[in-house]
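If you're matching positions, the sequence shown starts at 0 in numbering that gives the first Met the number 0 and goes up one per residue.
Written below as structure tokens is the structure these notes are about.
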Amino acid sequence: MTFEQLLVFHKIVQAGSFKAAANELHKTQPAISFSIKKLEEEMEVELFDRSSYRPTLTSHGKAFYERSHKIMQGMSELESMSKSFQQKEEPEIGISVDGICMHPGLLRLFKTFGEQHPFTKLNMNLDILSEAERKVLDRETQIGITHFLSDRLSVEIVPFATVTMVPVMNRELYLERKVKHQKDLLEIDQVVIGDKNPKGSSFGLLDNGKKWRLLDNNFKREIIMAGLGWGHLPQETILQELKEKKIVILDFEDIHPRKLDINLIRLKKQHLGPIAKKLWEELISFQH
């Protein structure tokens, strides 16, 4: 049994006749008939009932068609993948995204892009602080989305978005500790994300205050919501809690909402493949 025989078999079923299949495959009708006859001899069953004007599948033919349909789909995907590789499309792309930049629209963009390019795997890293930039500089990923920039000479920078970071506290904790002034925060843990990079930095830190350092943005959020400390969170992620008055925005001399500029970055000296380049262009168009 060969793939050519399977192709002929499926084309006859789909086209409805030997003649129509021959026309679509650019073969002679005798060649089509010979291919199917050879397949039937190998299987020792008849796949088509030829007693009527148009050939119809026998019970064996129907079972064989259903099972072989998956193989044909797989072969079609492999052919598409082959064409993708011939066009020098990358088998995978690395993307580093700072956790505070994760926007629902951005996730939809990645989902749609992945569906449009099924043979290029999107390896998305959710990073903190300087990690996204480091991975781009170290060529671990091709594209970064981050607010942190330490090496402006090595990367191409495109403004992407602005995120408002809001210092908040669980309302019950706020009332319990009677927070009225900035100094009242000194004895309450400030929940912050710690940077693995010694060159990295944090923002909105309260000098001389107690710190609870974490390496996960989601855990940070849970800690703050549970009333175990206070800290900065992206405004877009806490709209519901603010509406329900579960949390209080802190606004003092040094502790107050602040805007962070988010940038797209790529290494200047690194050539982007066709799919990475297309993703880069779509991200630029996505700016919000």
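Think of the CB as a built atom: it goes at the ideal place given N, C-alpha and C, for glycine as much as any other residue.
Fair warning: this is a prediction, and the values are worked out from it, not measured in the lab.
{"Item": "I'd like the list of long-range same chain contacts for Glu41, defined as Cβ closer than 8 Å, with 5 residues on each side in sequence excluded.", "Value": "Met0"}
{"Item": "Terminal residues of the continuous beta strand (DSSP E) containing Thr111?", "Value": "No beta strand (DSSP E) holds Thr111; the alpha helix (DSSP H) holding it covers 103-115."}
{"Item": "For Leu148, I'd like the list of residues in its chain whose CB is within less than 8 Å of its CB, leaving aside the five on either flank, ordered along the chain.", "Value": "Glu132, Val154, Ile156, Asn262, Ile264"}
{"Item": "Classify Thr345 as helix, strand or coil using the three-state DSSP reduction.", "Value": "With the chain covering only 0 through 287, there is no way to say anything about residue 345."}
{"Item": "Where Ile254 and Gly104 are concerned, what is the direct C-alpha to C-alpha distance, given to the nearest angstrom?", "Value": "29 Å"}
{"Item": "Quick check on the burial criterion: 16 or more other C-beta atoms within 10 angstroms. Buried or exposed for Phe218?", "Value": "exposed"}
{"Item": "Identify whether Ile237 lies in helix, strand or coil by the three-state DSSP scheme.", "Value": "coil"}
{"Item": "Among Gln115, Leu106, Thr55, which has the Cα closest to the Cα of Met123?", "Value": "Leu106"}
{"Item": "Curious, which full-length beta strand (DSSP E) runs of at least 3 residues does the segment 189-228 contain?", "Value": "189-192, 210-213"}
{"Item": "Taking the alpha carbon of Lys267 as the point to measure from, which residue in Glu23, Val44, Phe33, Leu152 has its own alpha carbon closest?", "Value": "Leu152"}
{"Item": "Take Gly203 and list the residues in its own chain whose beta-carbon comes closer than 6 Å to its own, dropping the five residues that flank it on each side.", "Value": "His231"}
{"Item": "Under 8 Å, with one C-beta from each stretch per pair, do the segment 5-25 and the segment 50-67 reach the 3-pair mark?", "Value": "yes"}
{"Item": "Rank Thr111, Leu184, Leu238, Asp215 by C-alpha distance to the C-alpha of Trp229 and give the top, closest one.", "Value": "Leu184"}
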